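Take a look at the structure below.
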Amino acid sequence: MLLNIKYFGLIAELTQCSEESLEISGATIRELRAFLFEKYPELKNKDFQIAQNREIVSEESRISSGEIALLPPFSGG
Amino acid sequence: MKYKYVKQKSMNRYSRHIILTEVGQEGQNKLLQAKVLVVGAGGLGCPVLQYLAAAGIGTLGIIDYDSVEESNLQRQVLFGTSSLGKNKAVAARERLQDLNSTITIEDFPEQLTHKNATQLFEQYDFIVDGTDNFSTRYLINDAAVLTNKPIVYGAIYKFEGQVSIFNYNNGPSYRCLFPIPPKDGSITNCSEVGVLGVLPGIIGTMMANEVIKMILGFEHVLSGKLLCYNSKTAALSTIKINRKQEEFEKVLAQPDLLSAYSNESCSVNVEEISEENLAVLTNIQFIDVRELHEQPKLQLHNCIRIPLNMIKENIYQINSNKTIVLFCQSGIRSKKAVALLMQNGFKKSYSFKGGILPLLNALKTKTT
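Those sequence lines, one after another, are chains B and Y. Counting from 27, one number per residue, gives the positions in the first sequence under the numbering used here. Counting from 8, one number per residue, gives the positions in the second sequence under the numbering used here.
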């Protein structure tokens, strides 16, 4: 499935882009996470939540077409 | 007579609010009766405080244990050179009292801890999270859940910012968004990565806007929504966050604050070495734990570079027979690195206090 993936904060620094389209194998968010870890091994050490179509989703959620976002927590103030 | 005069005078002050049909005299009275506690008078706290004071929030509390440093003035525009060295809560109160002498401003020049948080939160209607570290953010969340107070949250990273409202009208909390505090050293803060001064101004002003909207009872507040802003691209997006009841129950089930326990990993006893006593160490191996692009570099044969988040993978490169001195830009990441080495059995490892600049000084005096 072709998905548009957006990266925020230091995740975008690791992937070296803020947005990309990827052909994803896998049916759930957990599988998407594993797919991304394979493509970007450094992501394994990072904390982030995944949003699908602008809503934070759980690891068990099924991937539908649309937009994915990887959101890390920010601590700065 | 005198009271009437003051009242009329202050209403003139708020006339631009009052002529808005969405605010009116009734709305202004709500602002004048509201009590808001701002945690952290830094990059985010300063603009929040300025606009809330100007808007006539009746009681403003400010808690911050830090003092004003020269490097703060690039973005913390509430302060001037005359504030240097002063406690931030005190310096902010002094400036704000001049901005609006008709409101009550309370300063708390101390650290927010699990011992004082709930007691302090009880005295206010709304809490503003303008802190710069995760342990305080989780502490604020948990204390706000226990005292049932809404939080206006803001956080920044380089050119990006997040804004949301937590714990409001059955909405989600910070833990519903990020359930687990991040791993040590996985995220850096402003003093270590830098920030464009205007960004906390934008995000802090958005936070002040949300505080005022909540007080006025506006419908479309950022509860259940995370606003993400990128100042480089001017992109703005809003992400929906759902409430997870278990994240509230986890906090409510603790007689003391949950965050008091979850921060234990930070309390490893890390030994620091300062500029004055570097000379007593021998057989030193320096490790620069900053990212590879960070300047100035330390050009020494006994210095290697391993960024903090790569330490685990590269631990084999470190000779445990040497005296390990770790450093970074300001001395925060290097402390985390020492904690990591200690967990991996290294005994003689120190964090260099204050970072690269005092280290360069120390080395200069050592060789001359």
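By construction, the Cβ of each residue, glycine as well, lies at the ideal position given by its N, Cα and C atoms. Model, not experiment: these values are computed from the prediction.
inquiry  = Any beta carbon from chain B within less than 7 Å of PHE359 of chain Y's own beta carbon?
reply    = Residue mapping note: residue 359 of chain Y aligns to position 352 of the second sequence, counting from 1. By the rule that beta-carbons nearer than 7 Å mark a contact, PHE359 of chain Y does not touch chain B.
message = Is there a Cβ of chain Y sitting closer than 7 Å to that of ILE82 of chain B, yes or no?
response = By 1-based counting over the first sequence, the position of residue 82 of chain B is 56. With 7 Å as the cut-off, ILE82 of chain B counts as an interface residue toward chain Y.
ask   = Got a sec? Which residues, its chain only, sit under 6 Å from GLU167 of chain Y by beta carbon, not counting five neighbours each side?
value = Position 160 of the second sequence, counted from the start, is the residue given in the question as residue 167 of chain Y. Shown here for GLU167 of chain Y: same chain residues with a beta carbon closer than 6 Å to its own, the five before and five after excluded, namely ASN237 in chain order.
request  = Examine chain B for any beta-carbon lying closer than 7 Å to the beta-carbon of ASP139 of chain Y, and answer yes or no.
outcome  = For the purposes of this step, residue 139 of chain Y is taken as residue 132 along the second sequence, with counting starting at 1. Taking Cβ atoms only, chain B reaches closer than 7 Å to ASP139 of chain Y, which makes this a yes.
For ASP149 of chain Y, the first and last residue of its enclosing alpha helix (DSSP H) = Reading the second sequence from its first residue, position 142 is the one you call residue 149 of chain Y. Following the DSSP letters along the chain, one finds ASP149 of chain Y inside the alpha helix (DSSP H) bounded by residues 141–154.
query = the segment 311–330 of chain Y: which residues have C-beta closer than 7 Å to a C-beta of chain B, in chain order?
reply = Hits within the stretch, in order: ASN316.
ask   = Which of helix, strand or coil does DSSP assign to GLU254 of chain Y?
value = Along the second sequence, read from residue 1 onward, the residue named residue 254 of chain Y stands at position 247. Note: GLU254 of chain Y maps to helix in three-state DSSP.
request  = Kindly provide the ranges of any beta strand (DSSP E) runs that are 3 or more residues long and lie completely inside the segment 152–182 of chain Y, ordered along the chain.
outcome  = Within the segment 152–182 of chain Y, the complete beta strand (DSSP E) segments of 3 residues or longer fall at 158–164 and 167–173, listed in chain order.
Contact belief for PHE141 of chain Y with PRO188 of chain Y at Cβ below 8 Å, rounded distance in angstroms = Sequence index remark: in the second sequence, residue 141 of chain Y carries index 134 (1-based). Sequence index remark: in the second sequence, residue 188 of chain Y carries index 181 (1-based). At roughly 5 Å, the Cβ-Cβ gap stays under 8 Å, so PHE141 of chain Y and PRO188 of chain Y are in contact.
ask   = Can you list, in chain order, the residues of the segment 27–51 of chain B whose Cβ is nearer than 9 Å to any Cβ on chain Y?
value = Only those residues of the segment 27–51 of chain B whose C-beta falls short of 9 Å from the nearest C-beta of chain Y are listed: LYS32, PHE34, GLY35, LEU36, ALA38, GLU39 and SER44.
query = For PHE100 of chain B, does the three-state DSSP call read helix, strand or coil?
reply = To locate residue 100 of chain B, count along the first sequence from 1; it is residue 74. Note: PHE100 of chain B maps to coil in three-state DSSP.
task = Per DSSP, which residues does VAL202 of chain Y bridge with? Please list them.
result = In the second sequence, the residue the question calls residue 202 of chain Y occupies position 195. The bridge partners DSSP lists for VAL202 of chain Y are Y:LYS165.
ask   = In the segment 306–355 of chain Y, which residue ranges form an unbroken alpha helix (DSSP H) of at least 4 residues, counting only runs that do not cross its ends?
value = Listed in chain order, the complete alpha helix (DSSP H) runs (minimum 4 residues) inside the segment 306–355 of chain Y are 340–350.
request  = Could you work out which residue in Y:TYR181, Y:ARG312 and Y:PHE334 is closest to SER230 of chain Y when comparing CA atoms only?
outcome  = Here residue 230 of chain Y is taken as the residue at index 223 of the second sequence, counted from 1. It is Y:TYR181.
task = Note down, in chain order, all residues in the segment 151–168 of chain Y with a beta-carbon under 9 Å from any beta-carbon belonging to chain B.
result = Here the close residues are GLY161, ALA162, ILE163, TYR164, LYS165, GLU167 and GLY168.
query = So is THR143 of chain Y buried or exposed if we call it buried at 16+ other beta carbons inside 10 Å?
reply = Along the second sequence, one-based indexing puts residue 143 of chain Y at 136. Flag for THR143 of chain Y reads buried.
key: Close Cβ partners of ASN79 of chain B (< 8 Å) along its chain, the five nearest in sequence each way excluded   = Taking the first sequence and counting its residues from 1, the one referred to as residue 79 of chain B is at position 53. The beta carbon of ASN79 of chain B is closer than 8 Å to those of SER90, GLY92 and GLU93 in its chain, skipping five residues each way along the sequence.
task = Give me the Cα-Cα distance between ILE172 of chain Y and GLY50 of chain Y, rounded to the nearest whole angstrom.
result = Position 165 of the second sequence, counted from the first residue, corresponds to residue 172 of chain Y. Position 43 of the second sequence, counted from the first residue, corresponds to residue 50 of chain Y. Roughly 18 Å between the two C-alpha positions.
Any 3 or more C-beta pairs closer than 8 Å across the segment 92–110 of chain Y and the segment 69–82 of chain Y = These segments touch.
message = Within the continuous beta strand (DSSP E) that includes SER47 of chain B, where are the two ends?
response = For this step, residue 47 of chain B is matched to residue 21 along the first sequence. In the DSSP assignment, SER47 of chain B falls within the unbroken beta strand (DSSP E) covering 45–49.
Residue span of the alpha helix (DSSP H) that contains SER78 of chain Y, given as start and end = Against the second sequence, residue 78 of chain Y aligns to sequence position 71. Judged by DSSP secondary structure, SER78 of chain Y falls outside any alpha helix (DSSP H); it is assigned neither H nor E.
ask   = In chain order, what residues of the same chain have a beta carbon less than 7 Å from the beta carbon of GLN37 of chain Y, not counting five sequence neighbours either side?
value = Along the second sequence, one-based indexing puts residue 37 of chain Y at 30. Looking at the sequence itself, residue 37 of chain Y is Lys, so the reference to Gln does not match. The beta carbon of LYS37 of chain Y is closer than 7 Å to those of ILE222 and LEU223 in its chain, skipping five residues each way along the sequence.
inquiry  = Is ILE294 of chain Y close to chain B? Criterion is C-beta to C-beta, closer than 7 Å.
reply    = For the purposes of this step, residue 294 of chain Y is taken as the residue at position 287 of the second sequence. No - not a single Cβ of chain B is within 7 Å of the one on ILE294 of chain Y.
query = In chain B, what lies closer than 9 Å to THR245 of chain Y by C-beta?
reply = If you number the second sequence from 1, residue 245 of chain Y lands on position 238. Near THR245 of chain Y (Cβ distances below 9 Å), the residues of chain B are ARG80.
inquiry  = So GLY47 of chain Y contacts chain B; which residues on that side make the cut at Cβ distance below 9 Å?
reply    = Against the second sequence, residue 47 of chain Y aligns to sequence position 40. Contact annotation for GLY47 of chain Y against chain B: GLY103 [CB-CB distance below 9 Å, chain order].
message = When you compare the CB positions of ASP139 of chain Y and GLY35 of chain B, do they come within less than 7 Å of one another, or not?
response = Translated into positions along the second sequence, residue 139 of chain Y becomes position 132. Translated into positions along the first sequence, residue 35 of chain B becomes position 9. No; because the gap between Cβ atoms is not below 7 Å, this pair is not in contact.
key: Nearest to GLY201 of chain Y (by Cα), restricted to the options Y:GLN81, Y:LYS343 and Y:ASN326   = As a working note, residue 201 of chain Y is residue 194 in the second sequence. Minimum Cα-Cα distance from GLY201 of chain Y among the listed residues Y:GLN81, Y:LYS343 and Y:ASN326 corresponds to Y:GLN81.
key: Min CB distance PRO67 of chain B to chain Y below 7 Å   = Taking the first residue of the first sequence as 1, we reach residue 67 of chain B at position 41. Against chain Y, the CB of PRO67 of chain B has no partner CB under 7 Å away; the residue lies outside that interface.
inquiry  = In this structure, how does DSSP classify LEU233 of chain Y when only helix, strand and coil are distinguished?
reply    = What you label residue 233 of chain Y is simply residue 226 of the second sequence in a count that begins at 1. In the structure shown, LEU233 of chain Y adopts extended strand secondary structure according to DSSP, grouped into three states.
inquiry  = Let me check one thing: in DSSP terms, what residues is ALA77 of chain B bridge-paired to?
reply    = As a first step, residue 77 of chain B is located in the first sequence; it is residue number 51 there, counting from the start. For ALA77 of chain B, which the question treats as bridged, DSSP gives the partners B:ILE82 and B:ALA95.
ask   = Are the C-beta of LEU62 of chain B and some C-beta of chain Y separated by less than 7 Å?
value = Reading the first sequence from its first residue, position 36 is the one you call residue 62 of chain B. Closer than 7 Å to the CB of LEU62 of chain B there is not a single CB belonging to chain Y.
Partner residues on chain B for PHE185 of chain Y, Cβ-Cβ distance less than 8 Å = Sequence index remark: in the second sequence, residue 185 of chain Y carries index 178 (1-based). Simply ASP73, GLN75 and PRO99.
request  = Could you tell me whether the Cβ of PRO54 of chain Y comes closer than 7 Å to any Cβ of chain B?
outcome  = Here the question's residue 54 of chain Y lines up with position 47 in the second sequence. PRO54 of chain Y is outside the set of residues whose beta carbon lies under 7 Å from a beta carbon in chain B.
Contacting residues, own chain, Cβ-Cβ under 8 Å from GLY352 of chain Y (five flanking each side not counted) = Against the second sequence, residue 352 of chain Y aligns to sequence position 345. Exclusion of the five residues before and after GLY352 of chain Y leaves SER327 as the residues of its chain whose Cβ lies within less than 8 Å of its Cβ.
task = Measure the CB-CB distance between CYS310 of chain Y and LYS251 of chain Y and report whether it falls below 7 Å.
result = Within the second sequence, numbered from 1, the residue matching residue 310 of chain Y stands at position 303. Within the second sequence, numbered from 1, the residue matching residue 251 of chain Y stands at position 244. CYS310 of chain Y is not a Cβ neighbour of LYS251 of chain Y, given a cutoff of 7 Å.
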